[in-house]
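Asker: In my numbering, the protein residues as written are 86 to 379.
Beta carbons are placed, not taken as given, at the ideal position from N, Cα and C, and that holds for glycine.
Okay, here's the structure, questions in a sec.
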Ligand SMILES: [Zn+2]
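Shown next, in the form of structure tokens:
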């Protein structure tokens with residue numbers, strides 16, 4: 086049996102039903118790496134019943150100069166086109182990563198670091214203007230403890246980045262510490278200060294803590310069965326993701342490329358997600374956040 090062309094039999098009837106009702110299956114946080122499985126990983130996703138991917142830029146190697154950052158985003162755009170070539174509909178999201186800012190502080194002053202970071206943000210907003218990407222991400226702040234001064238700088242830079250994203254009508258995807266109702270309220274207040282629309286702001290790597298009370302922010306949950314079941318019983322707006330890294334050192338991390346379609350079909354089968362919910366999770370919410378998959 087050729088692995089990459091194998092479509093699981095039990096999925097077929099549900100899949101064809103979903104296809105005739107034009108329901109998409111969207112993985113909201115998927116990375117591709119030039120050293121990884123690239124289009125083969127995308128084929129796995131498609132063969133399992135997936136249709137759309139949000140492909141997120143990845144800091145492939147540490148960068149110190151804006152040109153290097155631009156090269157990396159270009160790599161992401163090329164990988165996204167490869168995903169399209171094999172049949173996925175794709176929305177691309179790119180920005181300097183919040184950890185990039187922390188790393189810059191090893192060789193730059195706070196002012197220099199935030200200037201370089203925001204230059205990279207500006208480059209991404211021009212790509213939004215050119216319709217090459219739909220949003221900025223991952224923006225945010227460190228997920229680990231840092232000095233108060235680094236924390237404050239990260240929040241300041243996040244606020245400024247969201248203002249710039251808003252100016253070009255972009256979506257934004259956030260990488261932060263684990264979501265709790267307090268964290269979500271705090272992020273929400275930063276978004277309000279930036280006048281950034283919360284229905285286009287995504288908390289990535291979400292779980293029950295983020296979705297319990299998301300303060301108007303859209304939560305993209307890591308697609309474990311427990312998370313899906315928890316989320317299905319709330320009224321919060323959520324989407325599903327694998328945070329697939331396409332890292333040859335960590336194959337299948339954070340979750341493998343087939344996970345979102347598989348878990349969705351399982352949840353339908355077990356009456357955990359209704360058809361209406363599937364439509365919201367995979368079609369209407371991603372459409373309103375990212376606007377367009379091509
Ligand atoms: Zn990610």
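What would DSSP say about residue 115, mapped onto helix, strand or coil?
Answerer: Strand.
Asker: Helix, strand or coil: which one does DSSP assign to residue 149?
Answerer: Here residue 149 sits in coil by DSSP.
Asker: Who are the Cβ neighbours of residue 198 in its own chain at under 7 Å, not counting the five residues just before and after it?
Answerer: 186, 189 and 190, listed in sequence order.
Asker: Take residue 402 as the anchor and find which of 366, 206 and 257 has the nearest alpha-carbon.
Answerer: Missing from the structure shown is residue 402; the chain here goes from 86 to 379 and no further.
Asker: What does DSSP give as the partner residues of residue 306 in its beta bridges?
Answerer: In DSSP, residue 306 forms a bridge with 291 and 325.
Asker: Starting from the C-beta of residue 231, find all residues in its chain whose C-beta is less than 6 Å away, skip the five residues before and the five after it, and write them out in chain order.
Answerer: Counting only Cβ-Cβ distances below 6 Å, and skipping sequence neighbours, we find nothing.
Asker: Under three-state DSSP, which class holds residue 223?
Answerer: If DSSP states are grouped into helix, strand and coil, residue 223 belongs with the strands.
Asker: Suppose you measure from the CA of residue 279 to the CA of residue 343; what does that come to, to the nearest Å?
Answerer: Whole-angstrom Cα-Cα distance: 36 Å.
Asker: With C-beta atoms as the reference, is residue 203 less than 8 Å away from residue 246?
Answerer: Cβ distance < 8 Å, so residue 203 and residue 246 count as in contact.
Asker: For residue 258, report the span of its beta strand (DSSP E) as first-last.
Answerer: Where residue 258 is concerned, the enclosing beta strand (DSSP E) stretches over 256-260.
Asker: Cutting at 6 Å between CB atoms, please list the residues of its own chain near residue 92, excluding the five before and the five after it.
Answerer: With a pLDDT of only 49 at residue 92, under 50, the local geometry of the prediction cannot be trusted, and no value is derived from it.
Asker: Give me whichever residues DSSP pairs with residue 177 in a beta bridge.
Answerer: Note: residue 177 sits in a beta bridge opposite 140.
Asker: Since residue 151 and residue 168 should fall inside the 8 Å C-beta cutoff, what is the C-beta to C-beta distance between them, to a whole number of angstroms?
Answerer: In fact, because the Cβ distance is near 26 Å, the residues do not count as touching under 8 Å.
Asker: Taking a cut-off of 7 Å, which residues have a beta-carbon closer than that to any heavy atom of ligand 1, in chain order?
Answerer: Ordered along the chain, the selected set is 114, 116, 141, 143, 223, 260, 289 and 328.
Asker: For residue 379, is the classification buried or exposed, using 16 other Cβ atoms within 10 angstroms of its Cβ as the cut-off for buried?
Answerer: The residue is exposed, with fewer than 16 neighbouring Cβ atoms inside 10 Å.
Asker: Which residue wins for smallest C-alpha separation from residue 223, given the options 108, 287, 363 and 156?
Answerer: Of the candidates 108, 287, 363 and 156, the one whose C-alpha sits nearest the C-alpha of residue 223 is 287.
Asker: Do you know whose CA, among 212, 178 and 135, lies nearest residue 111's CA?
Answerer: Nearest of 212, 178 and 135 to residue 111, Cα basis: 135.
Asker: Which whole-angstrom value describes the C-beta separation of residue 225 and residue 261, a residue pair presumed to lie in contact below a C-beta threshold of 8 Å?
Answerer: About 4 Å; that satisfies the 8 Å criterion.
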